[in-house]
Every structure is written in C-alpha cells, then in structure tokens.
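There are 2 protein chains.
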Amino acid sequence: MWIQTEVTRQLNIKYPIIQAPMAGSTTPELVAAVSNGGGLGSIGAGYYNPEKFRTDIAKTQTLTDKPFAVNLFVPEYNEVTSTQIDRMKEILTPYYEEFNIEPDMPTIDKDDTFGQLVKIVIDTNVKICSFTFGIPDPVTVEKLKEAGVILIGCATTVEEAVLNEQAGMDMVVVQGFEAGGHRGSFAQKTLQSTIGTMALVPQAADAVAIPVIAAGGIMDGRGVYASLTLGAGAAQLGTAFLTTKESKAPEIHKEKILNSTEMDTVLTKSFSGKYARGIRNRFIDDMEHHQEDILAYPFQNQITKKIRSKVAAEGRNDLLHLWSGQGVKMSRDTEAKELLKDIVDQVNKISGNEAYHR
Amino acid sequence: MWIQTEVTRQLNIKYPIIQAPMAGSTTPELVAAVSNGGGLGSIGAGYYNPEKFRTDIAKTQTLTDKPFAVNLFVPEYNEVTSTQIDRMKEILTPYYEEFNIEPDMPTIDKDDTFGQLVKIVIDTNVKICSFTFGIPDPVTVEKLKEAGVILIGCATTVEEAVLNEQAGMDMVVVQGFEAGGHRGSFAQKTLQSTIGTMALVPQAADAVAIPVIAAGGIMDGRGVYASLTLGAGAAQLGTAFLTTKESKAPEIHKEKILNSTEMDTVLTKSFSGKYARGIRNRFIDDMEHHQEDILAYPFQNQITKKIRSKVAAEGRNDLLHLWSGQGVKMSRDTEAKELLKDIVDQVNKISGNEAYHR
Numbered sequence: 540m541w542i543q544t545e546v547t548r549q550l551n552i553k554y555p556i557i558q559a560p561m562a563g564s565t566t567p568e569l570v571a572a573v574s575n576g577g578g579l580g581s582i583g584a585g586y587y588n589p590e591k592f593r594t595d596i597a598k599t600q601t602l603t604d605k606p607f608a609v610n611l612f613v614p615e616y617n618e619v620t621s622t623q624i625d626r627m628k629e630i631l632t633p634y635y636e637e638f639n640i641e642p643d644m645p646t647i648d649k650d651d652t653f654g655q656l657v658k659i660v661i662d663t664n665v666k667i668c669s670f671t672f673g674i675p676d677p678v679t680v681e682k683l684k685e686a687g688v689i690l691i692g693c694a695t696t697v698e699e700a701v702l703n704e705q706a707g708m709d710m711v712v713v714q715g716f717e718a719g720g721h722r723g724s725f726a727q728k729t730l731q732s733t734i735g736t737m738a739l740v741p742q743a744a745d746a747v748a749i750p751v752i753a754a755g756g757i758m759d760g761r762g763v764y765a766s767l768t769l770g771a772g773a774a775q776l777g778t779a780f781l782t783t784k785e786s787k788a789p790e791i792h793k794e795k796i797l798n799s800t801e802m803d804t805v806l807t808k809s810f811s812g813k814y815a816r817g818i819r820n821r822f823i824d825d826m827e828h829h830q831e832d833i834l835a836y837p838f839q840n841q842i843t844k845k846i847r848s849k850v851a852a853e854g855r856n857d858l859l860h861l862w863s864g865q866g867v868k869m870s871r872d873t874e875a876k877e878l879l880k881d882i883v884d885q886v887n888k889i890s891g892n893e894a895y896h897r
Numbered sequence: 540m541w542i543q544t545e546v547t548r549q550l551n552i553k554y555p556i557i558q559a560p561m562a563g564s565t566t567p568e569l570v571a572a573v574s575n576g577g578g579l580g581s582i583g584a585g586y587y588n589p590e591k592f593r594t595d596i597a598k599t600q601t602l603t604d605k606p607f608a609v610n611l612f613v614p615e616y617n618e619v620t621s622t623q624i625d626r627m628k629e630i631l632t633p634y635y636e637e638f639n640i641e642p643d644m645p646t647i648d649k650d651d652t653f654g655q656l657v658k659i660v661i662d663t664n665v666k667i668c669s670f671t672f673g674i675p676d677p678v679t680v681e682k683l684k685e686a687g688v689i690l691i692g693c694a695t696t697v698e699e700a701v702l703n704e705q706a707g708m709d710m711v712v713v714q715g716f717e718a719g720g721h722r723g724s725f726a727q728k729t730l731q732s733t734i735g736t737m738a739l740v741p742q743a744a745d746a747v748a749i750p751v752i753a754a755g756g757i758m759d760g761r762g763v764y765a766s767l768t769l770g771a772g773a774a775q776l777g778t779a780f781l782t783t784k785e786s787k788a789p790e791i792h793k794e795k796i797l798n799s800t801e802m803d804t805v806l807t808k809s810f811s812g813k814y815a816r817g818i819r820n821r822f823i824d825d826m827e828h829h830q831e832d833i834l835a836y837p838f839q840n841q842i843t844k845k846i847r848s849k850v851a852a853e854g855r856n857d858l859l860h861l862w863s864g865q866g867v868k869m870s871r872d873t874e875a876k877e878l879l880k881d882i883v884d885q886v887n888k889i890s891g892n893e894a895y896h897r
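So the sequence lines, in the order shown, correspond to chains W and C. Letter by letter, the first sequence follows residues 540 to 897 of this note's numbering. Letter by letter, the second sequence follows residues 540 to 897 of this note's numbering.
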C-alpha cells in the first residue's frame with residue numbers, strides 16, 4: 540500500500556511523484572517512462588508549435604496508456620521598442636560575430652499558438668494540463684474543464700496559489716527558491732517573491748483548499764517524503780529528471796549539472812527576460828553589466844536563441860542556459876525508470892523505518 | 540517512544556527540537572521552558588558582556604536542570620577607515636537628529652570578550668556551546684572539548700558544513716535561505732551562498748559524518764518532521780520562538796511578525812554589515828541607496844545600535860531590525876511550552892498516520 544493523496548487519487552497515479560515539465564528537455568520516452576513507472580510524466584510544450592505538440596502527444600500515447608500531463612506557457616503581452624531591440628543586438632554582436640550568425644529578430648505571436656495548443660489538448664484526449672507563467676483566461680479554463688481536463692497551475696507565493704485556486708485550477712504547483720529553470724511567477728515577479736520550499740509549501744497548503752504540489756530542490760525520496768510531510772499532495776522534480784538518459788537536454792548541460800555544487804546556480808533574467816535558475820557561466824557573467832537592457836520576455840528569449848542553439852551544437856556550455864536547481868550534488872546519470880524506482884524505495888525506507896533518521 | 544537521533548542521544552534531550560539562539564531576544568525563561576519541555580533551549584549570548592552572560596546562565600540553571608546551549612559569535616577582524624565611519628555618520632544624521640541623540644562611535648573589542656565568555660562556559664559547567672559567524676580557533680576548541688562541552692557549528696553551504704566537521708565540531712546547524720536574522724555564513728558571505736533548506740539539508744547530510752541540524756523556514760511539526768526526513772538529526776526554530784511570551788523581542792517586533800506575509804522579509808546588510816533576513820521597513824528602504832557605504836560588521840551594527848534602541852523604546856518599528864524568517868504566516872502568539880507541545884503533537888500525528896497527508 541503506497542501513500543495515497545488527493546493528488547494521486549485525482550490524477551489516478553500510483554506515486555505522488557511528478558516529473559516537472561522542462562520545456563525543451565522532455566521527450567515522449569522520458570514522459571512515458573515516468574508515467575509507466577507509476578509517477579506522472581509531463582510534456583514541456585512551452586515552446587512547441589502545434590505540429591511538434593501533436594507529434595509528441597501521439598508518440599507518448601503509443602508509449603504509455605497511463606496518465607501524463609502536458610504543460611503550456613500562458614502567453615503574456617509585454618512591449619518592446621525597436622531602440623531596445625537595437626541596443627540588445629549591439630550587446631550581443633560579439634557572439635553573433637563569434638559564430639558568424641545573423642541576429643534573430645524578436646517577433647510577436649500573431650497565430651494564437653496558445654489557443655491552438657489548448658485545442659490539441661482537447662482533441663487528443665489528454666487528461667491533465669499544467670500551466671506556467673500565469674493563469675489562462677476564463678474561457679480557456681471553462682473549455683478545458685468541459686472536456687474533463689484536470690488543470691494544474693503554478694505559484695511562487697501564497698498569493699499566487701490563492702489566485703490559482705480562485706481561477707478554478709484543480710491543484711497548484713508551489714515552486715520554491717531552490718527550483719531550476721524558469722520561475723513560474725506571474726503576480727509577483729521580483730526577486731522578493733523568492734520563498735524557500737520549506738517555508739512556501741506549508742504556508743500555501745494552509746491558504747488553499749486545492750491540493751498543493753511541492754517543487755524546488757527536491758531530488759530524491761528524502762525530498763519527496765519531506766514534501767508530503769509539509770502538507771503537499773505530491774512532489775515535482777525537474778533537475779533530477781533532466782540528467783536522465785531520456786531527457787533531451789544537451790550532454791554538455793547534463794555533464795555540467797552532474798559536476799557542479801549547490802553554490803553554482805544563480806537566478807538570472809539574461810537568457811529569456813524572466814528569472815530562471817541556472818549554473819553560472821560566461822553569458823550570465825557578461826550580461827551582468829547589461830541588466831537594464833535585458834528585453835522583456837519573450838523577446839530576450841528569442842533574441843538569444845540562435846546563439847544558444849549554435850553554442851550547444853558546438854558542444855560548448857559557456858553561452859548556454861544551464862538550467863538547474865540547487866540540489867545538483869544529488870543529481871545522477873541514470874535512466875528515468877531507475878531514478879523513479881530508487882526514489883520510491885527511499886520513501887518506503889523512510890516512511891516505514893524511524894531508525895533511518897540520523 | 541519518540542524519534543531518537545544522534546542529536547537527541549548526544550545532547551541528552553527528548554525531542555529533536557532546538558530553539559535557535561536569537562541574540563538579543565532570548566531570556567532564561569524562554570531557554571528553560573524549551574529545555575524543560577524536552578527540547579533544547581539556547582541562550583543567544585552573541586552580544587553579551589561577561590557579566591550579563593554569567594547572570595543569564597545562572598538564572599537559566601535555577602529554572603531548569605535539563606541541558607541547554609549557549610551561543611557565541613566567533614569574532615572577526617574587519618577594517619574600517621575614519622572616512623568610511625564619517626560617511627556613514629553623515630548618512631545616519633537624519634535619524635540622529637530625529638531622536639536628538641549622539642552617534643555611537645564604532646569601537647574594536649580589545650578585551651577579548653569572546654575568550655572571557657568561553658571561560659565562563661567552562662566555569663559554569665554549561666555542556667553545549669554553539670557558534671555563529673565562523674569556527675573558533677583550535678586552542679578554544681581544544682579547551683572546550685577537554686571540559687566536556689559539546690560543540691555545534693553553523694554553516695550555510697555544504698563547504699562550510701565540511702569546514703565545521705574538519706575543525707572538530709560535534710554537530711553542525713545548516714541554515715537555509717529562509718532563515719530569519721543573521722546568516723551564519725563565514726567562508727562564503729555573498730548572496731550566492733543562499734541555499735534553500737530543502738536543498739541544503741540533504742546535500743550537507745551526504746557530505747559530513749557529524750549530525751546535521753536543519754534551520755530555515757521551520758515553524759511547526761511539519762517542518763520538524765520534514766527536516767528529519769531530509770537527513771537532519773534535529774530541527775532548529777528561531778522565528779517560531781521569537782513571538783512567544785518568553786522572548787524579549789520588543790512587542791512591536793512580535794506584532795509585525797504576527798501580521799506579515801511570507802513575502803515581507805528581505806536579506807539586508809543595512810543594520811549590521813552582515814546579511815540578515817528581516818521584515819522590510821523604512822530603514823531598509825532608505826539604506827538601499829547607500830549599500831556601498833555600509834560598514835563592515837561589527838561596525839555597522841555598532842553605529843546603528845543607538846537609533847534602534849531609541850526607536851524600539853518609542854514603540855516604533857520603522858527603524859528597527861525586524862528579524863524574521865520566511866515562515867511568518869505560521870507564527871503564533873503563545874507560550875514557548877505550548878508551542879513546543881503543539882509541535883510535538885503535530886509530529887506524532889504526521890509520523891503515526893499516513894492519512895494526514897493531503
């Protein structure tokens with residue numbers, strides 16, 4: 540008999556363990572491995588176009604008949620002037636020259652990609668959809684609910700958790716300071732909204748009636764069980780799954796995580812215009828002098844994208860977004876199935892045996 | 540039968556729960572209430588002179604025959620020029636004028652107060668001594684060990700935990716990002732060394748053989764049991780005990796904590812010259828424009844001290860150091876004995892009953 544929570548019951552999964560939807564790094568193989576193992580895999584579709592989204596969902600559905608989630612980025616409408624774009628292009632010129640590439644021009648999504656992806660969720664009969672960077676509009680929420688899709692929001696503060704509940708999310712991921720990759724902040728986007736997981740989870744659990752899913756710094760069975768103890772109905776792990784064989788993060792990214800310490804990550808807006816946690820490298824250092832010129836999301840993300848693709852293709856990590864949480868020393872080079880099994884075994888050991896405690 | 544750990548065994552206490560040594564806010568009544576209740580109380584003697592230290596120890600010993608700890612600040616030798624002092628006095632002039640007071644002049648401790656306090660620990664037969672802001676010199680360590688005193692260090696990174704172990708500390712508090720009051724950093728003092736408790740505890744526990752004590756964002760039984768789950772041998776709670784009746788923090792400080800949210804605290808060097816977490820107020824905001832002029836610890840602490848005493852005496856909190864961790868919404872206005880009992884009851888409930896999990 541395993542630990543049943545409101546989350547495992549609603550999602551119809553065996554273990555309260557969720558593989559975080561790391562946009563750009565998940566594969567159908569990773570998602571299916573986690574779901575087949577009894578957890579919940581998530582397709583990180585944040586940057587997907589409709590075609591790629593359909594392909595990944597179809598592939599995942601051939602690999603598993605268990606529930607899995609898809610994650611979408613809620614679009615936001617920031618403004619950017621051509622003067623600001625020109626300034627950032629100037630700052631990035633040394634990199635463009637280094638790789639002999641033309642700058643990407645930031646563009647505005649006029650195709651309602653988000654709306655198209657939502658339609659695909661419904662059409663393909665995906666039953667769990669999580670969101671990052673905000674709460675979808677009421678019409679979208681209603682449409683998905685009518686189709687029987689369970690909705691999972693993301694919050695980095697208690698207030699954001701409450702906003703998710705009020706908007707009708709069925710559950711909410713609360714993402715602590717330790718978390719790798721983008722912060723899901725939307726109501727509070729400053730660094731003041733960085734609350735450690737240990738403090739955030741119980742305060743959020745006290746404030747909302749919907750189940751809370753803990754995220755940030757959780758890497759193994761100790762973190763999973765601690766999350767449940769703090770009042771969460773499940774734990775969501777990103778970095779731990781990023782270094783698995785099935786993740787499509789570049790090898791240089793995985794290697795860097797596997798060889799770093801807990802002090803090597805920083806929060807930076809330099810890659811995308813939004814705060815995200817990654818391992819400090821040359822690009823982050825270089826851009827520290829240009830913080831006031833960073834374009835708003837998603838424009839900064841677009842304008843740095845080609846440089847990052849190019850440097851990754853060349854096997855270099857100095858200009859790459861090396862997203863990682865603070866639990867790096869617990870990262871492992873293994874298969875997702877194996878990682879999940881070890882986490883489950885460790886939780887069994889902890890929950891069944893008090894002598895485990897030091 | 541309660542959860543026994545290496546910490547409870549070595550310290551000869553019933554519960555793996557430690558009241559953090561909040562310098563300036565502990566009283567013999569608070570320390571004794573926690574120790575009598577089965578936890579470990581700690582006298583925060585960081586700013587004490589020998590006389591005050593002797594008095595507090597003697598009083599505590601009349602109130603409890605259970606073990607308690609004393610906490611000392613390891614002295615450090617920073618430099619400050621008279622030009623720097625004059626500049627800071629100029630910045631603080633509006634406050635001096637507001638209260639019609641003369642500036643405090645920063646001074647260097649020439650009396651080896653630390654050495655005197657160490658001698659008192661031995662003379663008064665105190666059996667547990669914890670340290671903040673560094674590791675004492677080898678001669679002091681040896682002297683205390685010969686007297687049978689158990690030594691507890693403090694670390695904010697895995698590396699600092701290892702340094703504590705190498706220096707002969709018997710156990711080490713690992714203090715996460717969420718923690719209120721001063722950060723115990725010594726080897727890494729930048730904001731880059733801020734690691735969330737959820738990530739820090741297991742990584743430190745993996746790196747050292749001595750027992751680890753979790754601190755930072757822990758406010759109730761959920762946090763205590765989560766700490767044990769993460770690999771700690773005990774949990775240390777500061778803010779939770781700061782608002783108890785027995786704490787001597789000013790009422791305006793307690794009230795502010797009781798009425799704040801998890802987003803209201805920030806890390807600031809403005810009061811003391813060292814990073815500490817407190818609730819944002821006028822002084823922190825004002826001093827944001829003068830960060831490059833903040834004096835090194837302990838000089839900044841000395842030069843702002845009179846202003847803080849004065850404002851507290853007048854029942855105002857706008858210029859006071861409102862130390863607090865990020866778990867504020869879980870703070871309670873109660874007696875220490877009651878708080879400890881509730882924490883113990885909550886741990887019993889969690890550890891004995893899986894249905895507790897949401």
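Here a beta-carbon is modelled for each residue, glycine too, at the ideal position from N, C-alpha and C.
Quiz prompt | Complete beta strand (DSSP E) runs within the region 621-685 of chain W (minimum length 3 residues, chain order) | solution = 667-671
Practice problem: Identify the continuous beta strand (DSSP E) that holds ASN610(C) and give its terminal residues. | Solution: 607-612
Exercise. Determine, using beta carbons only, whether THR736(C) comes closer than 8 Å to chain W.
Key: yes
Exercise. Could you name the residues of the same chain whose beta carbon sits closer than 7 Å to that of GLN865(C), not counting the 5 residues immediately before and after it, in chain order?
Key: GLU717, GLY756, GLU801 and THR804
Quiz item: PHE607(W) and SER574(W) look like a contact to me (Cβ under 8 Å); what is the Cβ gap, rounded to whole Å?
Solution: 5 Å
Quiz item: If you count every other CB in all the chains shown that lies within 10 Å of the CB of VAL711(C), and 16 or more means buried, which is it?
Solution: buried
Practice problem: Consult DSSP for SER581(W) and reduce its assignment to one of helix, strand or coil. | Solution: strand
Exercise. Decide if the region 871-887 of chain C is in contact with the region 771-787 of chain C; the criterion is three or more beta carbon pairs, one per stretch, under 8 Å apart.
Key: yes
Self-check item: Stretch pair the region 695-702 of chain C + the region 838-848 of chain C: three plus CB contacts closer than 8 Å
Solution: no
Quiz item: Which same chain residues, not among the five before or five after GLY707(W), have their C-beta less than 6 Å away from its C-beta?
Solution: VAL680
Quiz item: Among ALA774(C), ALA746(C), ILE596(C) and ALA686(C), which has the Cα closest to the Cα of MET869(W)?
Solution: ALA746(C)
Quiz item: So, are the CB atoms of VAL678(W) and VAL660(W) less than 8 Å apart?
Solution: no
Quiz item: Under the DSSP definition of a beta bridge, which residues are partnered with THR804(C)?
Solution: ILE818(C)
Quiz item: What is the DSSP secondary structure of GLN727(C), reduced to helix, strand or coil?
Solution: coil
Quiz item: DSSP on VAL619(C), reduced to helix/strand/coil?
Solution: coil
Exercise. Have a look at ARG821(C) and TYR634(C) and give me their C-alpha separation to the nearest angstrom.
Key: 11 Å
Quiz item: Taking Cβ positions, are LEU834(C) and GLY817(C) nearer each other than 8 Å?
Solution: no
Quiz item: Are any of the Cβ atoms in chain W nearer than 8 Å to that of HIS896(C)?
Solution: Only weak support is given to the placement of HIS896(C): the predicted model assigns it a pLDDT of 43, under 50, and the question is left unresolved by the model.
Quiz item: Would LYS553(C) pass as a contact of GLY580(C) if the rule is Cβ separation under 8 Å?
Solution: no
Practice problem: Can you have a look at ILE640(C) and say buried or exposed, based on whether 16 or more other CB atoms are within 10 angstroms of its CB? | Solution: exposed
Quiz item: Got a sec: is the Cβ-Cβ distance from TYR814(C) to anything in chain W below 8 Å?
Solution: no
Quiz item: Among the residues of its own chain, which have a CB less than 6 Å from the CB of GLN519(W), if the five just before and after it don't count?
Solution: Because chain W in this structure spans residues 540 to 897, residue 519(W) falls outside the shown range and cannot be described.
Exercise. Could you give the DSSP three-state label for ILE542(C): helix, strand or coil?
Key: coil
Quiz item: Cβ of GLU613(W) within 8 Å of Cβ of GLY654(W)?
Solution: The question names Glu, but residue 613(W) in the sequence shown is Val. Contact flag unset, no.
Quiz item: The beta strand (DSSP E) spanning MET710(W) covers which residue range?
Solution: 710-714
Quiz item: VAL805(C) touches chain W at which residues, Cβ-Cβ below 8 Å?
Solution: GLN731
Quiz item: Helix, strand or coil: how does DSSP classify GLN865(W) here?
Solution: coil
Exercise. Find out if the Cβ-Cβ distance for the pair THR768(C), THR768(W) is shorter than 8 Å.
Key: yes
Quiz item: Considering only C-alpha positions, which residue in the set THR663(C), VAL850(C) and ALA694(C) is nearest to PHE638(C)?
Solution: VAL850(C)
Self-check item: Simplified DSSP assignment, three categories, for VAL751(C)
Solution: strand
Quiz item: Is LEU859(W) helix, strand or coil when you go by DSSP?
Solution: coil
Quiz item: Name the DSSP bridge partner or partners of LEU690(C)?
Solution: CYS668(C)
Quiz item: Under three-state DSSP, which class holds ALA743(W)?
Solution: helix
Practice problem: Could you tell me which chain C residues have their CB closer than 8 Å to the CB of MET869(W), listed as they occur along the chain? | Solution: PRO741, GLN742 and ASP745
Exercise. Measuring alpha carbon to alpha carbon, tell me which of TYR814(W), PRO589(W) and ASN856(W) ends up nearest THR695(W).
Key: TYR814(W)
Quiz item: Skipping 5 residues on each side, what residues in its chain have a beta carbon closer than 8 Å to that of ASP884(W)?
Solution: GLY760
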